[in-house]
Amino acid sequence: DTGVSQNPRHKITKRGQNVTFRCDPISEHNRLYWYRQTLGQGPEFLTYFQNEAQLEKSRLLSDRFSAERPKGSFSTLEIQRTEQGDSAMYLCASSFLDSPLHFGNGTRLTVT
Amino acid sequence: KNEVEQSPQNLTAQEGEFITINCSYSVGISALHWLQQHPGGGIVSLFMLSSGKKKHGRLIATINIQEKHSSLHITASHPRDSAVYICAVISGSARQLTFGSGTQLTVLP
């Protein structure tokens, strides 16, 4: 068990570009969550999957954001036409049903 | 008003002091997490509790469901305890967490 892995750790992109982040959860965990954290704030929920099904999406997730978990294992979060306001830490977490969450180290996105 | 409020926002203590961080929430919950976040972003779940009290080493977490309040205590604090401590609640059917804004703890040697 290597924990929840997120890649890349850091991403710098120019406004208007598309970016994609990956999360590999703990292998037996069936729930996977994406959160966004801006400086000095607690994380905000974006979306969550149970197996391959996306069961909940926050209204924070505009149509520029899309998340997938095609085989119920790893997940990707894509942001299209990035804006400076998208700069944040994107955190992934996983759990088995309602067991405690395990978080990844996050992907820090900077949009210039 | 945020659904999850933490206090204090910032806390500086001397090594060895007993520390308390408080969390109040305004919604019905099924469970509450205390999380620790170190610089660089990594988050570790310290406790998940839905009633009573849990203890792990020098850390103690309590929750009072009727008063909608939880506390995290650190006994014999140490500089390595310096981190952001975040309270998060699980409510509703979404199985998602609602986070407080965190408490920045600095323990001085």
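Chains as they are written, first to last, in my numbering: chain A, 11 to 122; chain B, 107 to 215. Yeah, the Cβ is synthetic: ideal placement off N, Cα and C, and Gly gets one too.
| query | result |
| --- | --- |
| Chain A contact for residue 148 of chain B (CB, 8 Å cutoff) | yes |
| Assigned secondary structure, residue 41 of chain A (DSSP; H/G/I helix, E/B strand, else coil) | strand |
| Residues near residue 75 of chain A in its chain [Cβ-Cβ closer than 6 Å; skip 5 each side] | 89 |
| Inter-residue spacing [alpha-carbon to alpha-carbon] between residue 63 of chain A and residue 119 of chain B | 45 Å |
| Residue(s) in a DSSP beta bridge with residue 75 of chain A | A/89 |
| Spatial neighbours of residue 68 of chain A in its chain, beta-carbon cut-off 8 Å, leaving aside the 5 residues before and after | 54, 55, 56, 57 |
| Proximal residues of chain A, C-beta to C-beta of residue 208 of chain B below 7 Å | 52 |
| Neighbour-count burial assignment, residue 70 of chain A, 16 or more Cβ in a 10 Å radius | exposed |
| Contact set for residue 15 of chain A: own chain, Cβ-Cβ below 7 Å, skip 5 residues either direction | 34, 114 |
| Three-state secondary structure (DSSP) of residue 158 of chain B | strand |
| Through-space distance from residue 194 of chain B to residue 156 of chain B, alpha-carbon basis | 12 Å |
| Rounded Cβ spacing between residue 136 of chain B and residue 196 of chain B (contact assumed at less than 8 Å) | 5 Å |
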